[in-house]
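Peer 1: Sequences listed follow chains A and B, in order.
Our numbering numbers the first residue of the first sequence as 224 and each following residue consecutively.
Our numbering numbers the first residue of the second sequence as 224 and each following residue consecutively.
Number of protein chains: 2
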Amino acid sequence: MKPSAKAPSRRERPLPDLADRLRRRDRKLTGQRQSILNILVRHAHPLSIREIFAELEPGACDLATVYRSMHLLEDMGLVKRFDFGDGAARFELLAEGADEHHHHLICTRCTAVVEIGECFTSEIEQRLAAQNGFTAITHRLEFFGVCPRCQ
Amino acid sequence: MKPSAKAPSRRERPLPDLADRLRRRDRKLTGQRQSILNILVRHAHPLSIREIFAELEPGACDLATVYRSMHLLEDMGLVKRFDFGDGAARFELLAEGADEHHHHLICTRCTAVVEIGECFTSEIEQRLAAQNGFTAITHRLEFFGVCPRCQ
DNA sequence: TCACAATTGCAAATGATTTGCAATTAGGAC
DNA sequence: GTCCTAATTGCAAATCATTTGCAATTGTGA
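(1) Measure from the alpha carbon of A:Leu-295 to the alpha carbon of each residue in A:Phe-343, A:Cys-333, A:Thr-253, then state which is nearest.
(2) By Cβ distance, which residues of its chain are closer than 6 Å to A:Ile-262, with the 5 residues on each side in sequence left out?
(3) Which bits of chain A does B:Gln-374 rub up against, with CB to CB less than 7 Å?
(4) Going by Cα to Cα distance, which pick from A:Gly-340, A:Thr-361, A:Glu-341 is closest to A:Gln-349?
(5) Taking DSSP's pairing of strands, which residues face B:Thr-358 in a bridge?
(6) CB B:Cys-342 to CB B:Cys-373, shorter than 7 Å?
(7) Assuming B:Ala-312 is part of the beta strand (DSSP E), what are its boundary residues?
(8) Looking only at its chain, what residues have a beta carbon closer than 7 Å to the beta carbon of A:Val-369, apart from the 5 residues adjacent to it on each side?
(9) Any residues in the region 268-292 of chain B with a beta carbon nearer than 8 Å to a beta carbon of chain A? Which ones, in chain order?
(10) What I want to know is whether the C-beta of A:Gly-282 ends up closer than 6 Å to one or more non-hydrogen atoms of the ligand COA.
(11) Closer than 7 Å by beta-carbon distance: list the chain A residues that pair up with B:Asn-355, in chain order.
(12) For a cutoff of 7 Å on Cβ pairs, would you count B:Asp-306 as touching chain A?
(13) In this structure, does DSSP put B:Glu-323 in helix, strand or coil?
(14) Can you look up B:Phe-276 in the DSSP assignment and give me helix, strand or coil?
(15) For the putative contact between B:Glu-297 and B:Pro-269, defined by C-beta atoms under 8 Å, what is the C-beta separation to the nearest angstrom?
(16) Measuring CA to CA, which of B:Thr-344, B:Asp-249, B:Ile-259 is closest to B:Val-302?
(17) Going by C-alpha distance, which of A:Phe-366, A:Thr-358, A:Gly-356 is nearest B:Glu-346?
(18) Note the first and the last residue of the continuous alpha helix (DSSP H) segment covering B:Glu-297.
(19) Please tell me whether A:Gly-368 has its Cβ less than 7 Å away from any Cβ of chain B.
(20) Name the chain A residues whose beta carbon is nearer than 8 Å to that of B:Ala-311?
(21) Work out the CA separation of A:Ala-287 and B:Leu-311 for me, nearest whole Å.
(22) Give every residue of the same chain whose Cβ lies closer than 8 Å to the Cβ of A:Ile-339, excluding the five residues on either side of it in the sequence, and list them in chain order.
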């Protein structure tokens, strides 16, 4: 491994309680995890693994470690995974505790993303659950179109 | 190739106008395409490539050909592609001309699929388009949950 | 300062899907 | 029915995203 090759810039510790949340689960606060989170903090939009990896300082973190970290962060509820249908998962940082359920409007040409705060399907979910005997219903909803700049 | 090794059963020509639709585009009505379509006709639910391939008579059609055929059928508007988020595309036959816009309720345990005829997002689409200057808006919406049998 | 589980890098393995290429074939023309 | 040619196919190798085995390394609590 290359432990000390990690961090030039020193503005780590993105989420104030990050260390605690990790510790609570017997996980370690490693340099690579901090680097990844810093990148997520700087971007409001969903990032693909490859985008995250590209922003990491060269040698800061292995690609496999990014994948593993995203799984961990997802399990911990720190990030939310999105699937825009292009074969690559995207991740967005979730604020502490907040549920942050929302959707996206994605440009099919340039992949620009507009966040849509509202969600209009909860009643529908209830009804579907009742009608079909399903439980634990969730949904995935994304909108696609051509953004103003790409028209 | 194994041309004559194709078809034991002889109830081909699934869609009455299939040949015409293909011809119109300078495409050929091959045995493998008929076999694939026959399978789709027999199943009302979205099938993955692997499921389609498994139902083909052994040696009837190469896996690569199934992939290529699904692209062709999709381009021709004969099938609709779905993404349930498990990394494998699914395809469902579309009836002639019909738009058939609909969604699914998928069991996260056994992958059972319930078709949901209604779609409730058109007004929302309109609004999103107007608010964000997007055009050609479409959406992907799937529900997930645990079906009665898996609870 | 220690011990040990958690973590990481690296490389190889997966799994879905695509593609190059030479051989084959469907379908229109004669 | 026979030809001709572009469309199609099988096969194998190539991609791409993601995962995993393993030995070396490092946070962390004691």
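Virtual Cβ for every residue (Gly too), placed ideally from N, Cα, C.
Peer 2: Working from what's here:
(1) Residue numbering aside, residue 295 of chain A sits at position 72 when the first sequence is read from its first letter. For A:Leu-295, the nearest C-alpha among the options comes from A:Thr-253.
(2) As a first step, residue 262 of chain A is located in the first sequence; it is residue number 39 there, counting from the start. Hits under 6 Å: Ile-275, Glu-278.
(3) Counting from 1 along the second sequence, the entry for residue 374 of chain B is found at position 151. Simply Thr-358.
(4) Here residue 349 of chain A refers to the residue found at position 126 of the first sequence. Closest by alpha carbon: A:Thr-361.
(5) Translated into positions along the second sequence, residue 358 of chain B becomes position 135. DSSP, once it has assigned bridges, lists A:Val-369 as partnering B:Thr-358.
(6) As a first step, residue 342 of chain B is located in the second sequence; it is residue number 119 there, counting from the start. As a first step, residue 373 of chain B is located in the second sequence; it is residue number 150 there, counting from the start. Going by C-beta atoms, B:Cys-342 is not nearer than 7 Å to B:Cys-373.
(7) Here residue 312 of chain B refers to the residue found at position 89 of the second sequence. From DSSP, the beta strand (DSSP E) with B:Ala-312 extends over 312-316.
(8) On the first sequence, residue 369 of chain A is found 146 positions in, with the first residue counted as 1. The residues are Cys-330, Thr-331, Arg-332.
(9) Residues are counted here when their Cβ sits less than 8 Å from a Cβ of chain A; for the region 268-292 of chain B the count is zero.
(10) This structure simply doesn't include the ligand COA, nor any ligand for that matter.
(11) Start at 1 with the first residue of the second sequence, and residue 355 of chain B comes out as number 132. Residues of chain A whose Cβ lies closer than 7 Å to the Cβ of B:Asn-355 are, in chain order, Leu-328, Val-337.
(12) Position 83 of the second sequence holds residue 306 of chain B. Interface residue, yes.
(13) Numbered from 1 along the second sequence, position 100 holds the residue referred to as residue 323 of chain B. In the structure shown, B:Glu-323 sits in coil (DSSP, three-state: anything other than H, G, I, E or B).
(14) As a position in the second sequence, residue 276 of chain B is number 53, starting the count at 1. Correct three-state label for B:Phe-276: helix.
(15) By 1-based counting over the second sequence, the position of residue 297 of chain B is 74. By 1-based counting over the second sequence, the position of residue 269 of chain B is 46. Contact flag wrong, Cβ pair sits at about 12 Å.
(16) For the purposes of this step, residue 302 of chain B is taken as the residue at position 79 of the second sequence. The alpha carbon of B:Val-302 has as its nearest neighbour, out of B:Thr-344, B:Asp-249, B:Ile-259, the alpha carbon of B:Ile-259.
(17) Position 123 of the second sequence, counting from 1, holds the residue named residue 346 of chain B. Measuring from the Cα of B:Glu-346, the nearest candidate turns out to be A:Phe-366.
(18) Start at 1 with the first residue of the second sequence, and residue 297 of chain B comes out as number 74. Note, B:Glu-297: alpha helix (DSSP H), 286-298.
(19) Numbered from its first residue, the first sequence carries residue 368 of chain A at position 145. By this cut-off, A:Gly-368 is an interface position.
(20) Taking the first residue of the second sequence as 1, we reach residue 311 of chain B at position 88. Within 8 Å Cβ-Cβ: nothing; B:Ala-311 doesn't reach chain A, min ~11 Å.
(21) The residue labelled residue 311 of chain B in the question sits at position 88 within the second sequence. The residue labelled residue 287 of chain A in the question sits at position 64 within the first sequence. Residue identity differs from the one stated: residue 311 of chain B is Ala in this sequence, not Leu. One C-alpha to the other measures close to 22 Å.
(22) Along the first sequence, one-based indexing puts residue 339 of chain A at 116. If we look at A:Ile-339 and ignore the five residues flanking it on each side, its Cβ neighbours are His-325, His-326, His-327, Leu-328, Phe-366.
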